[in-house]
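Asks: This is the structure I have questions about; it appears just below.
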Amino acid sequence: MGKLFGTDGVRGVAGRELTADLAYRLGYIAAEVLAGVDGKGGKKKIIIGKDTRISGDMFECAIAAGLTAAGCDVYVAGVVPTPAVPCLIKAYGADMGVMISASHNPYEHNGIKFFNGEGYKLSDEIENKIEEILFEERELPPAVESAVGRVFFSHDMKKSYINSIKAVLAEGKTPSDGQKKRKIAFDLACGSASATAREIFEASDMYGFQPLFLSCEYDGTNINDGCGSTHLEHLSAFVREQGCDMGFAFDGDADRCLAVDENGSTVDGDRIIALIANDMAAKGRLKDNTAVVTCMSNMGFHMMAKEKGLNVKITGVGDRYVLEEMLAGGYNLGGEQSGHIILTDFATTGDGQLTAAVVLGILNAHPEVKASELFACMQTLPQVMINVRVPNEIKKTLSADADVKQAVEEAEAVLGAYGRVLLRPSGTEALVRIMLEGQNEDELKTLAESIKAVIERKI
-4 MGKLFGTDGV RGVAGRELTA DLAYRLGYIA AEVLAGVDGK GGKKKIIIGK DTRISGDMFE
56 CAIAAGLTAA GCDVYVAGVV PTPAVPCLIK AYGADMGVMI SASHNPYEHN GIKFFNGEGY
116 KLSDEIENKI EEILFEEREL PPAVESAVGR VFFSHDMKKS YINSIKAVLA EGKTPSDGQK
176 KRKIAFDLAC GSASATAREI FEASDMYGFQ PLFLSCEYDG TNINDGCGST HLEHLSAFVR
236 EQGCDMGFAF DGDADRCLAV DENGSTVDGD RIIALIANDM AAKGRLKDNT AVVTCMSNMG
296 FHMMAKEKGL NVKITGVGDR YVLEEMLAGG YNLGGEQSGH IILTDFATTG DGQLTAAVVL
356 GILNAHPEVK ASELFACMQT LPQVMINVRV PNEIKKTLSA DADVKQAVEE AEAVLGAYGR
416 VLLRPSGTEA LVRIMLEGQN EDELKTLAES IKAVIERKI
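Heads up, the sequence shown is in the working numbering, so the first residue is -4 and it goes up one at a time.
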């Protein structure tokens, strides 16, 4: 991995680690690398979207300046979910796209991620090429005269994305006559989904659902603040208080989705993938009867897959690596425990609202079955995750340290065949994540704390 790009673009605290000047240069160089722009003509079309962070306007302007200086025409979509950008690339025949977002991180952070002309995130090789040019610190000559790009503001562009999700919601559905409508809650994280979810899911009313929305209003600083997929307790309490049948929670840029059942119990990405995989397999739509998941996926998922006769492919952490495996093998379902779920029959990246639409379709097909009963297709083994703040310069080498390795091996010996330990540097933050899985949660917590103590002594 390069010096700037993590597992999901370039991120940092806005104005400190991620500056407007850096955004300008990234925009210019990305246009040069991805769109083949030389600043002398042959204008390319670029889509820009953003989430609701206060710094989004600054970076939108800076990136647009870099792109227009490189000779590109820029189409500004405004506040949209991350998956809207690849959707709009295809809908408008654009040459690349940019999303300004730090996903689930607090508002003071922001990020920049790029999509190529086919709507896919960039490979490591392309990101490294952009970084190589960036760190040369060479002059970036701006386009002049008629070669200068223009900026077009078209906040109605999101309609194309909204309609694509509504089409999935409507697929194969019939109005629910005479049945009591089931209440479905949607936590929008005061983020990107606030610009699209109401219009999408109010359409579910005709299919027997009554949508309720929370964390809808944004002010630039409240994104992910005690709400959304990183704070499911908010949605869980709402579902119980309102007597809802189910709830969905999106993250700040709405590319991931987690859920709660009618009891307010958490439904993570593994269980959502399990439900969708079984439904697709039953309909003969799951290609090669295979789902692609990461090394973080719960052992319970693998137990379910073996029982149901499903195949599982395992990748490193990051939805881009899931997608790479899916494209290489021709698979059409994959995702992460964190809620990034990719359905390549419909999209080129993870999409929280698409995931919710598909799950609602399954729920709609079983009008007498509770959400908790549907998600019981997979039993989850206890998992404990602890984050340890570690300087970026050493987080990738800690796992090779002799004392840390010994602590991990000792924990694995205690857990035996029905458990595991995974030590992983975060791709987006200065953290090392300690994950333990097994049969006894109290034991897992004790072992995790012992590994954490060893790491903290090292730093």
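Beta carbons: idealized from backbone N, C-alpha and C, even for Gly.
1) Within 10 Å of its beta-carbon, does THR285 have 16 or more other beta-carbons around it, so buried, or fewer, so exposed?
2) Run through the DSSP bridge pairs and tell me what CYS252 is partnered with.
3) What residues in its chain sit with their C-beta under 8 Å from that of LEU426, if we drop five residues either side in the sequence?
4) Is GLY264 closer than 9 Å to GLY313 when the C-beta atoms are compared?
5) Between ASP46 and ILE160, is the Cβ-Cβ spacing less than 9 Å?
6) ASN158 lies in the alpha helix (DSSP H); which residues open and close that run?
7) May I ask which residues mark the beginning and end of the beta strand (DSSP E) holding ALA415?
8) Can you give the Cα-Cα distance for ASP3 and LYS116, rounded to whole angstroms?
9) Using beta carbons (cut-off 9 Å, strictly below), is GLU166 in contact with chain D?
10) Check the C-beta distance from ILE58 over to ALA18 and give it rounded, since I have them as a contact under 8 Å.
11) Here's the rule: buried if 16 or more other CB atoms are within 10 angstroms of the residue's CB, otherwise exposed. What is GLU228?
12) So is HIS104 buried or exposed if we call it buried at 16+ other beta carbons inside 10 Å?
13) Locate the alpha helix (DSSP H) running through PHE54, then write down its first and last residues.
14) Suppose the cutoff is 7 Å on Cβ atoms and the five residues either side in sequence are ignored; what does the same chain contact list for MET299 look like?
15) Compute the distance between the beta-carbons of GLY22 and ALA79, then report whether it is under 9 Å.
16) If you measure between the beta carbons of PHE243 and ILE179, is that distance less than 9 Å?
17) Cβ of GLU432 within 9 Å of Cβ of LEU376?
18) Can you give me the C-alpha to C-alpha distance between PRO362 and ASP398, rounded to a whole angstrom?
19) CB LEU29 to CB ASP90, shorter than 9 Å?
20) Is the distance from the Cβ of ASP250 to the Cβ of THR77 below 9 Å?
21) Over what stretch of residues does the alpha helix (DSSP H) that includes ARG266 continue unbroken?
22) Cβ of SER159 versus every heavy atom of the ligand GTP: is any distance shorter than 8 Å?
23) In three-state DSSP terms, what is HIS229?
24) Is ASN359 closer than 9 Å to GLY503 when the C-beta atoms are compared?
25) Does the beta-carbon of GLU236 have 16 or more other beta-carbons within 10 angstroms, so that it is buried, or is it exposed?
26) Let me check understanding here. Comparing Cα to Cα, which of THR339, THR225, LEU305 and PRO206 lies closest to LEU318?
27) Going by the DSSP bridge assignment, what does MET94 pair with across the sheet?
28) Based on the DSSP secondary-structure assignment, which residues constitute the bridge partners of TYR70?
29) On a Cα-Cα basis, can you pick out the residue from ILE49, GLU134 and ILE157 that is closest to PRO81?
30) State the beta-bridge partners of ALA286 as determined by DSSP.
31) Determine whether the beta carbon atoms of ILE450 and LEU393 lie at a separation below 9 Å.
32) Would you report the Cα separation of GLU127 and LYS(-2), rounded to the nearest angstrom?
33) List the residues that DSSP assigns as beta-bridge partners of GLY7.
Replies: Quick look at the numbers:
1) Buried, since its Cβ has 16 or more Cβ neighbours within 10 Å.
2) Answer is PHE245, bridged to CYS252.
3) Here the set comprises ASN382, VAL383, ARG384, VAL385, LYS390 and PRO420.
4) No, the Cβ-Cβ distance between GLY313 and GLY264 is not below 9 Å.
5) No, the Cβ-Cβ distance between ASP46 and ILE160 is not below 9 Å.
6) Counting along the chain, the alpha helix (DSSP H) containing ASN158 begins and ends at 153 to 165.
7) With the sequence shown as reference, residue 415 is identified as Arg, and Ala is not the correct amino acid for it. Secondary structure note for ARG415: its beta strand (DSSP E) is the uninterrupted segment 415 to 420.
8) One C-alpha to the other measures close to 8 Å.
9) Among the protein chains of the structure shown there is no chain D, as only one such chain exists.
10) 5 Å between Cβ atoms; contact.
11) Counting of Cβ neighbours within 10 angstroms places GLU228 among the exposed residues, the total staying below 16.
12) So HIS104 ends up on the buried side.
13) 51 to 64 is the extent of the alpha helix (DSSP H) around PHE54.
14) Within the same chain, MET299 has close Cβ partners ALA269, CYS372 and MET373.
15) In this structure, ALA79 does not lie closer than 9 Å to GLY22 by Cβ.
16) A contact, by the Cβ cut-off of 9 Å.
17) Yes, these two residues count as a Cβ contact at 9 Å.
18) A direct Cα-to-Cα measurement between PRO362 and ASP398 gives close to 54 Å.
19) Going by C-beta atoms, LEU29 is nearer than 9 Å to ASP90.
20) Their beta carbons are under 9 Å apart, which means ASP250 touches THR77 by this criterion.
21) Per DSSP, ARG266 belongs to the alpha helix (DSSP H) from 264 to 277.
22) Judged by which ligands are present, the structure shown has none, so any question about the ligand GTP falls away.
23) Reduced to three states, the DSSP call for HIS229 is helix.
24) Since the first and last residues shown for the chain are -4 and 454, residue 503 lies out of range.
25) Answer is exposed; the Cβ neighbour count stays below 16.
26) If you compare the alpha carbons of THR339, THR225, LEU305 and PRO206 with that of LEU318, the shortest gap goes to THR339.
27) GLY44 and LYS108, per the DSSP bridge assignment.
28) As a beta-bridge residue in DSSP terms, TYR70 pairs with ILE42 and PHE147.
29) Out of ILE49, GLU134 and ILE157, ILE157 has the C-alpha closest to the C-alpha of PRO81.
30) Under DSSP, ALA286 takes part in a beta bridge, and its partners are VAL307.
31) In this structure, LEU393 lies closer than 9 Å to ILE450 by Cβ.
32) Taken atom to atom, the span from the alpha-carbon of GLU127 to that of LYS(-2) is near 10 Å.
33) DSSP, once it has assigned bridges, lists ASN105 as partnering GLY7.
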